[in-house]
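Numbering (our numbering), first residue to last: 16 to 373. From the three backbone atoms N, C-alpha and C, an ideal C-beta is built for every residue, glycine too.
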């Protein structure tokens, strides 16, 4: 028996002697992102055995030593078994669905986090998708029908260094009422197009930025920053409107916006249940239309130059809102369109979605 084989046998024996709780480690060893560390990951590690060909840490270099060696195999064996997702959520899908996340680069970025793509917050029932870290150009994206507003410039490069989860839809009336005990929404009754059974699935609205803070505290969530919101909206696209069926790389054509949004031209002056239009390339619904969405930032002018994890101005009079609503036209549904209002204002076309940092 060769020395390397004997070493593997010893490592395996040591693993089998370890207590069960040792297997609840982070899933950095899940090299194929299938939600568990298994024989396939051992095979992947062995194929890569030896010095890293790229700047460390390379894929499979679990201890960031600059090479894949016996120590990495030991780490993998310790992690053997089903991956543990976030303690606050139930994992629905570990790997991103290619039918939803069309961009292979985005799928790779999500897989590289070794975190599950789609989870459900156990405390609220809110489904959340993982948004990986990355760099994008923030600001002015004109459509065929509308130019940019002055507050959308200058365009600037933004780097977000940490992955985060974002709610797949706007927070619904049912999700709000379950935590807050009441429903402040204007559209909380049935209509000719929304039966009573679906009213709880309309987005909650008439909630101010201030009103939302206790909800976030009670649920362990937060509002996304404006940069996180735009990055999540774009999902790798650079166009005025995010990707959709027939236009996976996005489009500047205002005539296509009805595919992804409920706006004044197709909704009939009311909110509709969330998730009724096509999702974007991360699997997020209603990023355009239905209800404006509050962001964490104070509203203000953009800083020039490259930014890392921008959080907006330190103070101001208005908080940022993004995405447009049932009351608006396609101009307000563009990726870069911005709006703001006082943090105590409440309107029937303004809601929110939440984010969470794993």
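- Per DSSP, reduced to three states, the secondary structure at residue 103 is coil, with no helix or strand assignment.
- The Cβ-Cβ distance between residue 279 and residue 344 falls below 8 Å.
- Taking C-beta atoms as the reference points, residue 371 and residue 195 fail to come closer than 8 Å.
- Taking every protein chain shown into account, the CB of residue 83 has 16 or more other CB atoms within 10 angstroms, so this residue is buried.
- Restricting attention to beta strand (DSSP E) runs no shorter than 3 residues, the stretch 253-325 encloses them at 307-313, ordered along the chain.
- Distance from the CA of residue 182 to the CA of residue 236, rounded to the nearest whole angstrom, comes to 10 Å.
- By alpha-carbon distance to residue 327, the top candidate from 321, 336 and 315 is 315.
- Pairing residue 74 with residue 46 gives a Cβ-Cβ distance under 8 Å.
- Contact check for residue 176 and residue 147: beta-carbon distance about 11 Å, past the 8 Å limit, so the pair fails to qualify.
- Using a Cβ distance threshold of 8 Å, residue 251 and residue 120 count as a contacting pair.
- The Cβ neighbour count for residue 211, taken over all protein chains shown within 10 Å, is under 16; the residue is labelled exposed.
- Excluding sequence positions up to five before and after residue 283, its CB lies within less than 7 Å of the CB of 208, all in the same chain and listed in chain order.
- The beta carbons of residue 81 and residue 67 sit closer together than 8 Å.
- Straight across, the Cα-Cα distance linking residue 244 with residue 299 is about 11 Å.
- Taking C-beta separations shorter than 6 Å and ignoring five residues to either side along the sequence, the partners of residue 311 in its chain run 238 and 240, following chain order.
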